[in-house]
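One structure is given here, and the rest of the page talks about it.
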Amino acid sequence: MNQVRTWFAVRSSHFWLGLLVVAACTPSVSTTSDNSSALPPREAAVFPAGWRYTSGRTAAFAEHGMVASNSPLASEAGVEILRAGGNAVDAAVAVGFAMAVTYPEAGNIGGGGYMIVRFADGRTAALDYREMAAGAAFRDMYLDSAGNLTKMGLVGRAASGVPGAVAGLTAALAKYGTMSLDKVMAPAIRLASEGFIVDSALARSVQEKDSLIRRFAGANIFLPGGKSLAPGSRFVQPDLAQTLRRIAREGASGFYHGPVAEMIAAEMRRDCPQGVGERQRASHGCGIITTRDLAAYQPAWREPLTTTYRGYTLLSMPPSSSGGITVGESLNILEAYSALPRFGTAEYFHVVASAFQLAFTDRNSKLGDPAFVNVPIAQLTSKDYARRLQQTIALDRHTPTEQVANYAREGTETTNYAVVDSHGNAVETTTTLNSLYGSGVLIRGAGFFMNDEMDDFASAPGKANQFGLIQGEQNAIAPGKRMLSAMSPTIVLDQRGNVLLALGGRGGPRIITIVTQVILNVLDNRMNLADAMSAPRIHHQALPDTLRYERDGVEDATLERLKAMGYAMKAQGNIEGSLTAIMRVRGGYNGVIDPRSAGAAIGY
Ligand code: DON
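One gets my numbering by counting positions in the sequence shown from 1 and adding 2 to each.
Right under this line is the structure:
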């Protein structure tokens, strides 16, 4: 059986590397003929003439199983486990640990994430391994003495929540995997201890974050001799290999107890100015995570949030992520239209943007960690409520956010991987350090970066975070609380209950809107998966009240019409987000990496 893959890269340097690898070692067998029995035939997508991604790109095709991730080496690790007889959970855990080695900008053991699982026999699961605020965290911890918001929730030792990744991955394996931890971690340990060849994507990413990495201990590892990792060089990470070996041997307690936990706590205490009081630590950039916080961390098993759209079923993440509710609410609003306007028209972008605006208005004020606040999940996902909201969308006019029906005034990095196995089981995972390389703080001796997830809280309710999100009291900081996320790992089932799509991605709040748009492209706009991922995108998040669109992705006449409807339009190179996705097609699966990012979909 051939191993098949497609590499996509947004930057030309990646592009050439990708081409070389495909030409050198992988026969590419691909198809876009995805007219599976449960779906009407796909239609050729028509994009604006100047649009940078062409329609008709080939997708990777595989008969038995598929892994799609932002790291080709991690996708290979997943396929290695599938080929060895592992199920989709075994493979997903292997990918997760491998990405901590090969994709340090977002793959991680110092961060957290979410996992949705759908077994072929119908069982489902949702795992919340989001970071938690440390015990010493409090509402105003990032405000200075004048009450102004500092940057300490984004950069440096104070920015981290207690990491959940190791607890999450090991819990998923223990509950649903079939292989031992050391077996699924073997590829990651090998990649860390023997090293791997730095590709241009990694070299570029380190270079772009040079000044952040330089400030902390990662400089020795990622900027050897003061220069960022060179493409083509072998990158070995002995400290990380040792940490991974310890986890493989001891399970989660190899991370949350003992030497690794001590190293994290020691790093938190480092370089804190003398005389800073307990309550001032975070606003001075001093870390607050202790060994006690680490020992107390637990992931949470939840029921997947189940919503429907035109007869399809979505399994997605309930709070502490806003992803499932906000994708589901947007789609419920759109379902109230008997059919959507034609893709690419002003009418189409208007109704889609209005649905996002309404759903984000609820998201930003009503959602938070369910262990701390009441979240009206039933209301927000009800079809009646969505229909009432849809009726407030004017036919040909934008309604300013402050006037939308559900408005209540309130006083860039992540990665996704999808796995399907030969039994029809599917796993969809999104994980993050928040910003690229997280807080920038590398744990000395343990070799990994810590997250800067505390910025996802409303550190000053009513004020914007790094994504411009203005959120409310529901998402204020409290000890032990999970910060609200936009991560939206989603599995879509067809009318017969079979897995049709597994998708998710990076981009902060844009994750919600781009996941929704790819679902619309597949279900309403009848695109094949490659086109659905290449199609131009828009973004609206209620506030700022701006309709963002991808430059050259919207026809001039459409733009003029949207402006005439009252939209403040903002062009961007790309909407800052990207997805990875797998779709069931006749005879197997297509896997596609967003052309806006690097990665590989590999199957067998
Ligand atoms: O959980 C969230 O919503 C954010 N921490 C995700 C961050 C992200 O996607 C950054 N990537 N561009």
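Note that beta-carbon positions come from the ideal geometry of N, C-alpha and C, so glycine has one too.
Taking non-hydrogen atoms of the ligand DON into account, the C-beta of Thr416 is found less than 7 Å away from one of them. Between Asn72 and Thr582 the beta-carbon gap is near 6 Å, inside 8 Å, which marks them as a contact. Runs of the alpha helix (DSSP H) lying entirely within the region 198-279 and spanning at least 4 residues, in chain order: 202-210, 212-216, 221-224, 240-252, 255-258 and 260-271. The alpha-carbon of Gln543 is positioned some 43 Å away from that of Ser195. If you check the C-beta of Ile513 against the ligand DON, you find a heavy atom less than 7 Å away. Taking the CA atoms as reference points, His425 sits about 15 Å from Ala94. Inside the region 345-382, DSSP marks whole alpha helix (DSSP H) runs of 4 or more residues at positions 348-368 and 379-382, from first to last along the chain.
Under the DSSP definition of a beta bridge, Gly166 lacks any partner.
Taking C-alpha positions only, Ser230 is separated from Ile604 by approximately 29 Å. Three or more beta-carbon pairs separated by less than 8 Å are not found between the region 381-401 and the region 551-562, which leaves the two stretches without contact. Using a 10 angstroms sphere on the CB of Leu397, the tally of other CB atoms stays under 16, which defines it as exposed. With respect to the 8 Å criterion, Leu204 and Phe99 are not classified as neighbours on the basis of their beta carbons. CA-to-CA, the gap between Gly114 and Tyr314 works out to about 29 Å. Taking 4 residues as the minimum length, the alpha helix (DSSP H) runs contained wholly in the region 66-90 are 74-85, in order along the chain.
Judged by DSSP secondary structure, Val494 falls outside any alpha helix (DSSP H) and instead within the beta strand (DSSP E) spanning Thr492 to Leu495. Here Val353 is not near Leu369, since their CB atoms are 8 Å or more apart. When DSSP reads this structure, Gln574 sits in a beta bridge with Glu552. The residues Gly510 and Pro511, in chain order, have a CB closer than 6 Å to that of Phe469 in the same chain once the five nearest residues on each side in sequence are set aside. Taking C-alpha positions only, Ala90 is separated from Asp123 by approximately 13 Å.
Note on Tyr339: under 16 other CB atoms within 10 angstroms of its CB, so exposed under the neighbour-count rule. At a threshold of 7 Å, Gly426 does not count as near the ligand DON, since its beta carbon sits no closer than that to any of the ligand's heavy atoms. Met319 and Arg294 have their C-alpha atoms roughly 28 Å apart. Not a single heavy atom of the ligand DON lies less than 7 Å from the C-beta of Arg283. The DSSP assignment places complete alpha helix (DSSP H) segments of no fewer than 4 residues inside the region 287-350 at 293-298 and 325-337, in order along the chain. Assignment of beta strand (DSSP E) within the region 458-505, counting only whole runs of 3 or more residues, yields 492-495 in chain order. Here Asp130 carries a strand assignment [DSSP, helix/strand/coil]. Looking at the backbone, the Cα of Ala600 and that of Ala76 are separated by about 12 Å. A residue is called buried when at least 16 other Cβ atoms come within 10 angstroms of its Cβ; Arg272 does not meet this threshold and is exposed.
For Ser195, the enclosing alpha helix (DSSP H) stretches over residues Leu183 to Ser195. Under DSSP, Val421 takes part in a beta bridge, and its partners are Val69 and Val429. Counting along the chain, no alpha helix (DSSP H) covers Ala537, and no H or E run does either. If you look at Val48, you'll find it isn't in any beta strand (DSSP E); DSSP assigns it neither H nor E.
Between Ser487 and Ser323, the CB-CB gap stays under 8 Å. If you compare the alpha carbons of Gly253, Arg132 and Val119 with that of Thr416, the shortest gap goes to Arg132.
Residue burial is scored here from C-beta neighbours: Gln473 has at least 16 other C-beta atoms within 10 angstroms and is therefore classed as buried. Distances from the CA of Lys177 to each of Gly325, Leu193 and Asp92 were compared; the closest alpha carbon is that of Asp92.
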